[in-house]
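What follows is a set of notes on a single structure, which appears directly below.
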Amino acid sequence: MTAPYRAGPDHAEEVSATSVGELIGNISNDLSQLFRQEVELAKVEMKQEATKAGKAAGFLGVAAFAGYLATVLLSFALVFALGNVMDLGWAALIVAVIWGIAGAVLFANGRKKLKTVDPVPHRTVDTLKEDAQWLKNPTG
């Protein structure tokens, strides 16, 4: 690092004594240090965000399990409610068929939506191509 700026006649001599190579070296060192600090900051931020995402995923997992248990118990309740007007075997079959139909409809919709997914990030690819073109010809 160079000495801090000082106004006065001594400063002009100090600046003229600094070579262009030293200035470029100082700038290069400063940029390298800045880049390392930015990477370190990004690592810290990513770790914090990953921790928050992990906690959120845990809550969502427990909520999904609770929803699953509620669905199972409500299904049993429906079987027993239907069992008041028919045999329990038929009531269970009716509930199972209802769940089968719901599962088939959800599967078909999910598969249809999955076919529309394009895993290639087209905007990123285009931007990278533009960057590569600029690097080849920075003046044009």
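Yeah, the sequence shown ends on 1246 if you go by the working numbering, and it's all consecutive.
We treat Cβ as the ideally placed atom computed from N, Cα and C, and that holds for glycine.
In whole angstroms, what separates the C-alpha of residue i from that of residue j?
i, j, result
"Val1203", "Lys1161", "36 Å"
"Leu1166", "Ala1148", "26 Å"
"Leu1241", "Ala1163", "41 Å"
"Ile1130", "Lys1235", "30 Å"
"Leu1199", "Phe1171", "24 Å"
"Gly1173", "Val1145", "41 Å"
"Gln1239", "His1228", "16 Å"
"Val1218", "Ala1169", "The question names Val, but residue 1218 in the sequence shown is Lys. Straight-line Cα distance between these residues: approximately 27 Å."
If you drop the 5 nearest sequence neighbours on each side, which residues of the same chain put their C-beta closer than 8 Å to that of residue i?
i, result
"Trp1205", "Ser1181"
"Lys1158", "none"
With distance defined between alpha-carbon atoms, name the residue in the options nearest to residue i.
i, options, result
"Ala1197", "Ile1207, Leu1184, Ala1208, Gly1209", "Leu1184"
Within a Cβ cutoff of 7 Å, which residues of the same chain sit near residue i, ignoring the five residues on either side of it in sequence?
i, result
"Leu1194", "Val1185"
"Leu1137", "none"
Which same chain residues end up closer than 6 Å to residue i when comparing Cβ atoms and leaving out the 5 residues on each side of it in sequence?
i, result
"Met1107", "Model confidence at Met1107 stands at a pLDDT of 49, short of 50, so the residue's coordinates are unreliable and nothing is read from them."
Task: Cβ contact (3+ pairs, closer than 8 Å) linking the segment 1184-1191 and the segment 1213-1233 - done: no
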